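> Input: one structure, supplied below.
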Amino acid sequence: MTPVELAENVYWVGAVDWNIRDFHGYETRRGPTYNAYLIIDDKKVLVDTVKYQFKTALAEKIRELTSPEDLDYVVVNHVEMDHSSSLGHVMQCAKNATVVSSRRGKDGVAKYYGENDWDFQIVKTGDELRLGKKTLQFVEAPMLHWPDSMFTYLEEDRILMPNDAFGQHLASSQRFDDEVDQGVLMDEAAKYYANILMPYAALITRKIEEVSRLGIKPRIIAPSHGVIWRTNPEAIVNSYVEWSKGKTEKKAVIVYDTMWHSTEKMAYAISDGITRNGIELRLFQMRRSDFAEVLKEILDSKAVIVGSPTLNSTMFLTIGAFLDYATGLRPKGRIWATFGSYGWGGGAVRAMNKRLTESRLEVVEPSLQVQYAPDLKELQKCREFGETIAEKINLGGT
Ligand code: FEO
């Protein structure tokens with residue numbers, strides 16, 4: 003792909019990674035992009051780099067517009083390697099460039115890439131960098147989603163480059179929000195929020211308010227992943243506000259796994275009890291599903307019901323992994339419930355409830371358990387269990 007113009011003398015020079023399907027455990031069904039931006043003024047600035055494998059593609063795009071050797075600044079909004087691992091390659095060419103980052107960004111660069119003799123300019127919220135006709139303003143954004151993270155704002159063109167915030171893992175030949183399927187776009191944006199930013203919901207609300215107080219009203223939001231929001235950037239900001247409030251719908255997610263179909267029969271009977279009360283439902287067998295997709299569905303669900311057979315006196319390994327992953331993302335304000343089957347001593351339900359209560363998530367009691375396989379009476383109890391959860395969803399409480 004060639005560079006793409008966002009505004010006069012402002013270009014996307016990133017890379018599209020069509021084939022990657024595992025992004026540190028996040029299943030990227032549509033593949034990611036690594037967005038970098040080039041601003042040409044009296045001073046020439048590269049905002050972020052790309053994953054190392056794409057360093058040559060980045061340099062070639064820059065060279066179509068200017069010589070990489072002439073870069074004056076390289077802004078490191080975030081030191082995670084998908085954005086910084088080409089920094090060394092860029093700096094080998096741009097020998098006179100200054101690296102601009104937060105204090106923690108500088109520390110991170112040194113830890114990942116070793117001490118070096120690059121010039122650094124440490125910036126903090128409100129600092130500006132005059133480029134000629136254009137001006138960059140910086141906003142620190144610690145824990146959105148790493149301690150070093152920051153946003154860069156191009157004042158005259160009103161382009162906000164917030165790195166991971168507002169991103170999507172969406173590989174495409176198109177670069178702008180209005181050029182792609184809107185359902186796919188919002189689906190991937192929601193998935194990205196649920197799997198990367200949900201633990202920092204409280205910080206997101208405050209950061210959006212702070213950005214507004216600083217007088218930053220972006221016309222374009224250019225994140226480091228996916229397409230650029232140029233048509234209606236308020237829409238994704240408003241979605242982030244709603245998601246960070248933990249707003250949910252009348253919807254439930256059942257996540258289960260099964261050994262000999264007993265827990266599976268329970269899952270389907272519970273789903274009958276839920277859906278007959280008008281509640282939207284998604285059902286996932288964890289061994290056949292990916293974490294990122296399940297968490298996206300949990301994002302707007304009021305209830306999460308988790309089922310597991312007992313294996314070696316505890317929960318099935320895929321359910322243990324799911325609960326580790328899901329509780330780490332802290333989806334608060336949901337109704338949690340558990341169920342499962344066992345042969346003799348049991349243990350799965352106990353282990354699931356322990357994991358959930360340790361994470362301060364409220365679990366509907368009592369949980370539902372059957373020995374060996376559910377008979378007709380027990381399947382009816384499963385339906386009633388689902389109906390109880392549906393009532394709680396309809397009441398909107400836990
Ligand atoms: Fe896209 Fe936190 O890196």
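At position 247 of the sequence shown (counting the first as 1) the number is 249 in our numbering, and the numbers step up by one without a gap.
From the three backbone atoms N, C-alpha and C, an ideal C-beta is built for every residue, glycine too.
Note that the coordinates shown come from a computational prediction; the quantities given were computed from them, not determined experimentally.
1) State yes or no: is the C-beta of residue 253 within less than 8 Å of the C-beta of residue 281?
2) Would you list the residues sitting across from residue 223 in a DSSP beta bridge?
3) Do you know offhand how far residue 6's Cα is from residue 214's?
4) Just how far apart, CA to CA, sit residue 55 and residue 266?
5) Below 7 Å CB to CB, which residues in the same chain sit around residue 276 once its five sequence neighbours on both sides are set aside?
6) For residue 342, which residues in the same chain have their Cβ closer than 7 Å to its Cβ, ignoring the five residues on either side in sequence?
7) Going along the chain, which residues of its own chain have a beta-carbon closer than 8 Å to the beta-carbon of residue 93, five neighbours each way excluded?
8) Check residue 148 in the structure and name its three-state DSSP category.
9) Judging by CA-CA distance, which residue of 260, 103 and 137 is the nearest neighbour of residue 143?
10) Spatial neighbours of residue 274 within its chain, please: CB distance less than 6 Å, with the 5 preceding and 5 following residues excluded, ordered by chain position.
11) Flag this pair as yes or no: are the beta carbons of residue 401 and residue 39 separated by less than 8 Å?
12) Rounded to whole angstroms, what's the CA-CA distance from residue 154 to residue 190? Just pull it up for me.
13) List the residues that DSSP assigns as beta-bridge partners of residue 132.
14) If you compare alpha carbons, which of 363, 317 and 377 is closest to residue 348?
15) Enumerate in chain order the residues of its own chain whose CB-to-CB distance from residue 139 is below 6 Å, with the five nearest sequence positions on each side excluded.
16) Ordered along the chain, which non-local residues of its own chain (more than five positions away) have a Cβ less than 6 Å from that of residue 235?
17) For the alpha helix (DSSP H) that residue 193 lies in, which residues bound it at each end?
18) Quick test of the definition: if touching needs 3 or more C-beta pairs under 8 Å, does the segment 231 to 247 touch the segment 200 to 207?
19) Quick check on the contact list: which residues have their beta carbon closer than 5 Å to a heavy atom of the ligand FEO?
20) Per DSSP, which residues does residue 310 bridge with? Please list them.
21) Per DSSP, what are the beta-bridge partners of residue 373 in this structure?
22) For residue 230 and residue 72, I'd like the C-alpha separation in whole angstroms.
23) Taking the Cβ atom as the reference point for each residue, do residue 365 and residue 394 lie within a distance shorter than 8 Å?
24) Grab me the residues of residue 228's own chain with a C-beta within less than 7 Å of its C-beta, minus the 5 sequence neighbours each way, in chain order.
25) Look at the Cβ atom of residue 41, then the Cβ atom of residue 135, and state whether they are nearer than 8 Å.
26) Which residues does DSSP list as the beta-bridge partners of residue 123?
27) Are the beta-carbon atoms of residue 340 and residue 315 separated by less than 8 Å?
28) So is residue 46 buried or exposed if we call it buried at 16+ other beta carbons inside 10 Å?
29) Alpha helix (DSSP H) containing residue 270: first to last residue?
30) Just how far apart, CA to CA, sit residue 167 and residue 226?
31) Just verifying my parser: in three-state terms, what is the DSSP assignment at residue 400?
32) Find the nearest neighbour of residue 23 within the set 321, 306, 337 and 294, judged by alpha-carbon distance.
33) Please report the distance separating the alpha-carbon of residue 43 from that of residue 30.
34) Among residues of its own chain, excluding the 5 on either side of residue 401, which ones have a beta-carbon nearer than 8 Å to its beta-carbon?
35) Given a cut-off of 8 Å, decide if residue 375 and residue 297 are closer than it, judged by their beta-carbon atoms.
Let me lay it out:
1) Cβ distance < 8 Å, so residue 253 and residue 281 count as in contact.
2) When beta bridges are read from the DSSP output, residue 223 appears opposite 162 and 231.
3) Going by the C-alpha atoms only, they are around 28 Å apart.
4) Spanning the two alpha carbons is a distance of roughly 43 Å.
5) If we look at residue 276 and ignore the five residues flanking it on each side, its Cβ neighbours are 254, 283, 388, 391 and 392.
6) Within the same chain, residue 342 has close Cβ partners 265, 309, 310, 311, 312, 350, 351 and 371.
7) If we look at residue 93 and ignore the five residues flanking it on each side, its Cβ neighbours are 76, 99, 101, 118 and 120.
8) In the structure shown, residue 148 falls within a coil segment according to DSSP collapsed to helix, strand and coil.
9) Out of 260, 103 and 137, 103 has the C-alpha closest to the C-alpha of residue 143.
10) Once the five neighbours on either side are set aside, the close Cβ partners of residue 274 are 385.
11) The structure shown does not extend to residue 401, since the chain is modelled only from 3 through 400, so no value can be given for it.
12) Our two residues, residue 154 and residue 190, have alpha carbons roughly 23 Å apart in a direct line.
13) For residue 132, DSSP records a beta bridge to 137.
14) Looking at the Cα atoms, 317 is the closest of the given residues.
15) Correct list, in chain order: 130, 155 and 157.
16) Excluding positions up to five away in sequence, the list reads 220 and 223.
17) 184 to 194 is the extent of the alpha helix (DSSP H) around residue 193.
18) Short answer: they touch.
19) The answer, residue by residue, is 82, 84 and 166.
20) Within the DSSP bridge table, the entry for residue 310 names 342 as partners.
21) Beta-bridge partners of residue 373 (DSSP): 344.
22) Cα to Cα, the separation comes out at about 26 Å.
23) No, they are not a contact pair.
24) Same-chain partners within the cutoff: 35, 169, 170, 171, 172 and 190.
25) No, Cβ-Cβ distance for residue 41 and residue 135 is not below 8 Å.
26) 102, per the DSSP bridge assignment.
27) In this structure, residue 340 sits away from residue 315, with a CB-CB distance that is not shorter than 8 Å.
28) With 16 or more other Cβ atoms within 10 Å, it is buried.
29) Here the alpha helix (DSSP H) through residue 270 covers 264 to 277.
30) The straight-line gap separating the alpha-carbon atoms of residue 167 and residue 226 is approximately 8 Å.
31) Since pLDDT at residue 400 reaches only 45, below the 50 mark, its modelled position is unreliable, and the value read off the structure follows with that caveat. If DSSP states are grouped into helix, strand and coil, residue 400 belongs with coil.
32) Nearest C-alpha to residue 23 among 321, 306, 337 and 294: 294.
33) Inter-residue distance for residue 43 and residue 30 is about 36 Å (C-alpha atoms, whole angstroms).
34) Beyond the ends of the chain as shown, which are 3 and 400, falls residue 401; an answer cannot be given.
35) The Cβ atoms of residue 297 and residue 375 lie no closer than 8 Å to each other.
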